[in-house]
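Taken in sequence, the protein lines are chains A and B. Throughout the first sequence, residue numbering follows full-length UniProt numbering, covering 1 to 337 in sequence. Throughout the second sequence, residue numbering follows full-length UniProt numbering, covering 1 to 106 in sequence. Glycine included, each C-beta is placed from N, C-alpha and C at the ideal position. All values derive from a computational prediction rather than experimental measurement. In what follows, a single structure is set out as structure tokens and then discussed.
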Amino acid sequence: MDFQESLLWKYKDILTKYLAVQSEQTLYLTQKLSKEILENHIPPEEVINLHKSVLNELIPEVPSEVLVSFDILLEIMMSYGLAYLEHQSLRYKQMELEMELEFGANMQKMLLGSAIPKYDYLDIGAISIPAKIMNGDYFHFDIDSDQELKVAIADVIGKGIPAALCMSMIKYAVDSLSYSKHNSPEVVLERLNRIVEKNVDLGIFITMFYGSYNPKQHVIQYASAGHEPGFFYNKKENSFVDLQAKGLLLGIDPHVTYPKFEISLEIGDMIILLSDGVTETRTEDGFLEREMIIDLLNKYMHLSAQEIVNNIYRDLSKIQHYQIRDDFTMIIMRRLV
Amino acid sequence: MNITVDVNKTDGNTIMKISGEIDAYTAPKLKETINQLTKEDGKNVVIDLTDVIYMDSTGLGVLVAAFKKIKTNGGSFILTGLSNRLQRLFTITGLSEIMDIKGESK
Chain A
1 MDFQESLLWK
11 YKDILTKYLA
21 VQSEQTLYLT
31 QKLSKEILEN
41 HIPPEEVINL
51 HKSVLNELIP
61 EVPSEVLVSF
71 DILLEIMMSY
81 GLAYLEHQSL
91 RYKQMELEME
101 LEFGANMQKM
111 LLGSAIPKYD
121 YLDIGAISIP
131 AKIMNGDYFH
141 FDIDSDQELK
151 VAIADVIGKG
161 IPAALCMSMI
171 KYAVDSLSYS
181 KHNSPEVVLE
191 RLNRIVEKNV
201 DLGIFITMFY
211 GSYNPKQHVI
221 QYASAGHEPG
231 FFYNKKENSF
241 VDLQAKGLLL
251 GIDPHVTYPK
261 FEISLEIGDM
271 IILLSDGVTE
281 TRTEDGFLER
291 EMIIDLLNKY
301 MHLSAQEIVN
311 NIYRDLSKIQ
321 HYQIRDDFTM
331 IIMRRLV
Chain B
1 MNITVDVNKT
11 DGNTIMKISG
21 EIDAYTAPKL
31 KETINQLTKE
41 DGKNVVIDLT
51 DVIYMDSTGL
61 GVLVAAFKKI
71 KTNGGSFILT
81 GLSNRLQRLF
91 TITGLSEIMD
101 IKGESK
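Now the structure itself:
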């Protein structure tokens, strides 16, 4: 029995029962049937037609005016039928787009993925979580030909797909600039700035912190292009200070230069880098203060760098009811020996 | 999450008063209004941010794009009424050094 036949049979059954006794149970059966009708893509006007013919069959003496009146209803339902068809095709399109987006996001994850390196001199932890499906934040670790550890954290201003595509371009530029030992942080930012300025459309800008860690002297040299300042933790004094740096964000002025800064790390000292998704966390009474990040750093200080960033992400996303509004990236580097 | 943009034009000067929150959801509306203004050459635009409760980096992107466009067209671009939080955003990004930001922070 095909669906049309079974529908006719079920509809007749329901209508017969309901005309005899107006019970809740019959209405429940109707609800079940309407689900089947939708699953089988039966347009609404066909249901009206069905009703009309079944009614005529069950009550042959039904006044012809009543039967004719269904023509009006039928005409109106035809418009609903068209809207329903359109809705169906949009749903398919949406499913297609969602699938493509998912492919894109996976591709981006693969392209941007930077392994978190392990060294006996430095404990490194890093986390980067996108607010939407694609990430506009990015972090990067690399070793140059002189064995210095290069670290970068960047945030594309703007969100979603354009930001993500832009980030892929930046990643390749950073990769190719990082390997040369001659490229100190301010040089890397100056070159990137020109690349971004030339290639990126108006309205997309990038902030970046770039550092180079010398494992023999335990000194990090760094420069910042308008990036949210990180922290330096001094273990001996048990104090946190802002990693101050000045510099214009990338992509605005091709002639801008970036000053270089330097910090020495003793055993147990930490460098903490963040994106503005961390500091722009919304709390019950407004916005997160940087002091709260320091409180959290103190709270998890005894853990490994990776556990610290994981725990801070967990706590801050909990405050926002697990719906972060901006991409969230945090890096911790702690000198071990 | 709402934003209102009032535009007042007086001989050659345009004062734009933004109220509310500028984020990823409201930025497109702001962008549309600003784009209307930046189309003409030699515009003098003052943007009043006194009643902006919140602005994230998306909003910053819209303002910077407008700033670049107006400067290229030979106009002037002035920001006023920045809260401490907004002032900090412009300082960190280095924008306060290239943009004309007027008035004491409140």
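- Secondary structure at Met78 of chain A, three-state DSSP: helix, strand or coil? Helix at Met78 of chain A.
- Message: Can you check whether the C-beta of Lys106 of chain B is within less than 7 Å of a C-beta belonging to chain A?
- Response: Unreliable positioning characterises Lys106 of chain B in this predicted model, as indicated by a pLDDT of 44, which lies under 50. The coordinate reading is nonetheless provided below. Chain A contact via Cβ: absent.
- Roughly how many angstroms lie between the CA atoms of Met208 of chain A and Asp155 of chain A, to the nearest whole one? Here the C-alpha atom of Met208 of chain A lies approximately 7 Å from the C-alpha atom of Asp155 of chain A.
- Taking Cβ to Cβ, would you say residue 344 of chain A is nearer than 7 Å to Cys166 of chain A? The structure shown does not extend to residue 344 of chain A, since chain A is modelled only from 1 through 337, so no value can be given for it.
- Query: Name the DSSP bridge partner or partners of Gly20 of chain B?
  - Reply: Answer is B:Ile3, B:Val52, bridged to Gly20 of chain B.
- Query: Between Leu249 of chain A and Gly226 of chain A, is the Cβ-Cβ spacing less than 7 Å?
  - Reply: Yes, the Cβ-Cβ distance between Leu249 of chain A and Gly226 of chain A is below 7 Å.
- Query: Would Leu82 of chain B count as contacting chain A if we go by Cβ distances under 7 Å?
  - Reply: No - not a single Cβ of chain A is within 7 Å of the one on Leu82 of chain B.
- Task: List the DSSP bridge partners of Tyr222 of chain A.
- Result: The beta-bridge partner set that DSSP reports for Tyr222 of chain A consists of A:Gly211, A:Phe261.
- Message: The beta strand (DSSP E) that contains Tyr233 of chain A, what's its start and end?
- Response: Residues 231-234.
- Please decide whether residue 113 of chain B counts as near chain A, where near means a Cβ-Cβ distance under 7 Å. For residue 113 of chain B there is no data in the structure shown, the boundaries of chain B being 1 and 106.
- Item | Contact under 7 Å by Cβ, Thr58 of chain B with Asp23 of chain B | In this structure, the beta-carbon distance from Thr58 of chain B to Asp23 of chain B falls below 7 Å.
- Could you please tell me which residues of the region 267-300 of chain A, in chain order, have their CB closer than 8 Å to any CB of chain B? So the list reads Asp276, Glu280, Phe287, given in the order they occur along the chain.
- Task: Taking His51 of chain A as part of the alpha helix (DSSP H), name the residues at either end of that continuous run.
- Result: For His51 of chain A, the uninterrupted alpha helix (DSSP H) segment begins and ends at 44-58.
- Message: Does any residue of chain A have a CB that is nearer than 7 Å to the CB of Thr93 of chain B?
- Response: With 7 Å as the cut-off, Thr93 of chain B counts as an interface residue toward chain A.
- Flag this pair as yes or no: are the beta carbons of Ile70 of chain B and Thr38 of chain B separated by less than 7 Å? Yes, the Cβ-Cβ distance between Ile70 of chain B and Thr38 of chain B is below 7 Å.
- Let me know the secondary structure DSSP gives Asp142 of chain A once reduced to three states. Secondary structure at Asp142 of chain A: strand, using DSSP grouped into helix, strand and coil.
- Message: Quick check: is the beta carbon of Gly61 of chain B nearer than 7 Å to any beta carbon in chain A?
- Response: Among the residues facing chain A, Gly61 of chain B is included, as its CB has a counterpart in that chain under 7 Å away.
- Query: Using the rule of at least 16 other Cβ atoms within 10 Å of the residue's Cβ for burial, across every protein chain shown, is Tyr80 of chain A buried or exposed?
  - Reply: For Tyr80 of chain A, the number of other beta carbons within 10 angstroms of its own is below 16, and it is reported as exposed.
- Query: Is Gly81 of chain B near Lys43 of chain B, with beta carbons less than 7 Å apart?
  - Reply: It is not a contact, given that the beta carbons lie outside the stated cut-off.
- Where the alpha helix (DSSP H) through Ser239 of chain A begins and ends: Run containing Ser239 of chain A: none in the alpha helix (DSSP H); it sits in the beta strand (DSSP E), 239-242.
- Answer yes or no: does any C-beta atom of chain B fall closer than 7 Å to that of Leu248 of chain A? Closer than 7 Å to some Cβ of chain B, the Cβ of Leu248 of chain A qualifies, so yes.
- Query: If we count Cβ pairs, one from each stretch, closer than 8 Å, do we get three or more for the region 228-238 of chain A versus the region 259-278 of chain A?
  - Reply: Contact annotation: the region 228-238 of chain A touches the region 259-278 of chain A, with at least three C-beta pairs closer than 8 Å.
- Determine the extent of the beta strand (DSSP E) in which Ala152 of chain A is found, giving its start and end residues. Taken as a continuous stretch (DSSP letters only), the beta strand (DSSP E) holding Ala152 of chain A covers 149-157.
- Give the single residue among A:Gly286, A:Tyr84, A:Ile332 whose Cα lies nearest to the Cα of Ile319 of chain A. The shortest C-alpha to C-alpha distance from Ile319 of chain A to any of A:Gly286, A:Tyr84, A:Ile332 is the one to A:Gly286.
- Nearest residue (CA-CA) to Ile133 of chain A, options A:Lys32, A:Val309, A:Ala163: That would be A:Ala163, whose Cα lies nearest to the Cα of Ile133 of chain A.
- Query: Where Asn310 of chain A and Leu336 of chain A are concerned, what is the direct C-alpha to C-alpha distance, given to the nearest angstrom?
  - Reply: Looking at the two C-alpha atoms, the distance is approximately 20 Å.
- Task: Determine the direct distance from the alpha carbon of Asn49 of chain A to that of Leu60 of chain B, and round the result to whole angstroms.
- Result: Spanning the alpha carbons of Leu60 of chain B and Asn49 of chain A requires a straight line of approximately 58 Å.
- Task: Identify the continuous beta strand (DSSP E) that holds Ser128 of chain A and give its terminal residues.
- Result: Run containing Ser128 of chain A: 122-129, per the beta strand (DSSP E) assignment.
- Task: For my contact list, Thr279 of chain A and Glu228 of chain A are in at a C-beta cut-off of 8 Å; report their separation, rounded to the angstrom.
- Result: Glu228 of chain A and Thr279 of chain A do touch by the CB rule: their CB atoms are close to 6 Å apart, below 8 Å.
- Note down, in chain order, all residues in the region 203-236 of chain A with a beta-carbon under 9 Å from any beta-carbon belonging to chain B. Considering only beta carbons, the part of the region 203-236 of chain A lying closer than 9 Å to chain B consists of Gly203, Ile204, Phe205, Thr207, Ser224, Ala225, Gly226, His227, Glu228, Pro229, in chain order.
- Message: Please tell me whether Val64 of chain B has its Cβ less than 7 Å away from any Cβ of chain A.
- Response: At least one chain A Cβ lies under 7 Å of Val64 of chain B.
- Cβ-Cβ separation, Leu86 of chain B to Val52 of chain B (assumed contact under 8 Å), whole Å: Contact check for Val52 of chain B and Leu86 of chain B: beta-carbon distance about 7 Å, within the 8 Å limit, so the pair qualifies.
- Locate the beta strand (DSSP E) running through Lys102 of chain B, then write down its first and last residues. Residues 100-102.
- Counting only runs of 4+ residues fully inside the region 297-334 of chain A, write out the alpha helix (DSSP H) ranges in chain order. Given a length threshold of 4 residues, each whole run of the alpha helix (DSSP H) inside the region 297-334 of chain A is given here in chain order: 305-319.
- Query: Would you call His140 of chain A buried or exposed, if buried means 16 or more other Cβ atoms sit within 10 Å of its Cβ?
  - Reply: Buried, since its Cβ has 16 or more Cβ neighbours within 10 Å.
- Task: Step through the CB atoms of chain B and report whether any lies within less than 7 Å of the CB of Ile170 of chain A.
- Result: In terms of beta-carbon proximity, Ile170 of chain A stays away from the interface with chain B, with every pair separated by 7 Å or more.
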